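Read left to right, the sequence shown gives residues 3 to 398 (our numbering). Using N, Cα and C, we set each Cβ at its ideal position, and we do this for glycine too. Computed from a prediction, not measured in an experiment: that's the story for all the values here. Here the structure comes first, spelled out in structure tokens, and everything after it is commentary.
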Amino acid sequence: MPAGGAAPKRIRRGVRREPPLRNEARTPTANLVGVLGRRVTASWNGFGRDSFCSELPPWAVRFRGEAVTSRQALRVTLVSALLSASGLALAADTAPVVARSGDAVITQADVERRLASTRLAPKAGAPDDPARRVLEEALIPELQASLEAKRRGIDKSPRVADRTREVLRQALERAVKQETLEKDPVTREQIRAYYEENRSKYEQPLRIRIWRILAPDQETARKVLEEVKKDGKPAKWSELARQHSVDKASSMRQGDLGFVRPDGTTDMPRVKVDPALYKAAAAAKDGEIVSTIVPENGKFAVLWRRGSLAANKRTLEQEEASIRNILERKRTDEAMEKLRQSLRAEHVRDENPEPLAALPADLFGKKPARTRPAGSARIPALRAKPPTRTDDGDLR
């Protein structure tokens, strides 16, 4: 280090490091990289990766001699689009500047935000300082690539524009949620009231898994009961259910009624049975065939108790966090819907739906055709040939 202790300035790929500055005018670049970058990545799953990559220039495929993933390319390109769309003026910030590229800067606060949400895997030759690694391996490459994407006009791509609107919508929802809950937070009393109103969700009685063969008459039910007692195997039960049960909806699934509650409700969709079945099954043990025939709406049921789920009660303390999330989500949704209606009434003036009639009726839900980047070709899979024996008996 030179005399005086001052670190020399270094030039690295167009990014100039300077001593920390305060009250530095800055663009929204670093803010968007830090705040929206992670949300852009989270939105990647619903995006056509191959179609998107076909629009990327060579610099987005390789950067500093290392491969850059499609996720990273999408991320920096969308950040660039957000910068272009924002039109924000330079804002004052007291955070020290740690890197600069043209008018764009990265501050200490940007590094801090990224550190809080990043898990760094060990990497040979990487700096030991996590903050330095985040700066070198994430923020600087993203900043450079985003500025280059903007220069090349990639932010004007319709696909990028679509995703930009989606990212901004998500950011607006988060802002509305924060504002709404700051003004009207969910209280403990409201959580308790919701718990009491929905107590049946959190208090489950003993539930019994019941298989039933519903015979048309008592004599048939008696014969079925005798046979299943002789051969108490599921295969025999299934055969008798198909032959004798008048409940055709359940006969093809061994007469399975699912887990039955005391009131006759079950965990099977649209299936509710006579509570007398539960009462009869409750007198048996798990795995036992009920020894009595149970009358049911003029028919006669043979029952097999296949198992059970113990009674379960979730306390208010156990469910408080989940109930809070439910109430906060409901409150946020209501605020967003009110805002959407207000914005539509204020800003949407002329609608012309006639051109929509020209769109194909089956277009909805279709995925766009995937295209390959220019110059790329499919590499055929390499398949190993089976070994053969020589005349001497050796494998080759």
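Asked: Contact between the segment 199 to 214 and the segment 273 to 290 (3+ Cβ pairs under 8 Å); Found: yes
Asked: Segment limits, alpha helix (DSSP H) that includes R167; Found: P160 to K185
Asked: Where N354 sits in the DSSP three-state scheme; Found: coil
Asked: Inside the segment 242 to 298 only - beta strand (DSSP E) runs reaching at least 3 residues; Found: 258 to 262 and 296 to 298
Asked: Coarse secondary structure for T120, derived from DSSP in three states; Found: coil
Asked: Element boundaries [alpha helix (DSSP H), containing L318]; Found: L318 to H349
Asked: Contact set for E330: own chain, Cβ-Cβ below 8 Å, skip 5 residues either direction; Found: K179, L183 and V188
Asked: Pair within 8 Å by beta-carbon distance, S202 and L145; Found: no
Asked: Beta carbon of A283 nearer than 8 Å to that of V292; Found: yes
Asked: Rounded C-alpha distance that separates R167 from L174; Found: 10 Å
Asked: Buried versus exposed call for V350 [16 or more other C-beta atoms within 10 Å across all chains shown]; Found: exposed
Asked: Residues near L216 by beta carbon distance below 7 Å, same chain, minus five either side; Found: S247, V248, D249, E298, K301 and A303
Asked: Residues bridged to S202 (per DSSP); Found: Per DSSP, none; premise fails for S202.
Asked: Cβ contact check for the segment 104 to 119 and the segment 132 to 151: 3 or more pairs under 8 Å; Found: yes
Asked: Whole-Å CB distance - Y197 paired with E321, under 8 Å assumed; Found: 6 Å
Asked: Contact check, G257 vs M270, beta carbons under 8 Å; Found: no
Asked: Those residues which DSSP pairs with R214 across a bridge; Found: L305
Asked: Proximity of A223 and I295 at Cβ, strictly below 8 Å; Found: yes
Asked: CA-to-CA distance, A97 to D131, given in whole angstroms; Found: 20 Å
Asked: Closest Cα partner of Q172 within the set L149, M338 and P357; Found: M338
Asked: Other residues of its chain near Q220: CB distance less than 6 Å, five sequence neighbours each side excluded; Found: F302
Asked: Short CB-CB distance (under 8 Å) between A282 and chain D; Found: Absence of chain D from the displayed structure is noted, only one protein chain being present.
Asked: Start-to-end residues for the alpha helix (DSSP H) that takes in T222; Found: Q220 to K232
Asked: 8 Å contact criterion, which V230 and K238 should meet: CB distance rounded; Found: 6 Å
Asked: For R263, the nearest candidate out of G234, A313 and E348 (CA to CA); Found: A313
Asked: 8 Å Cβ cutoff met for L141 and V113; Found: yes
Asked: Own chain, CB closer than 8 Å to I193, minus 5 neighbours either side, in chain order; Found: L318, E322, I325, R326 and L329
Asked: Given K185 as reference, the closest of T268, P355 and T334 once Cα atoms are compared; Found: T334
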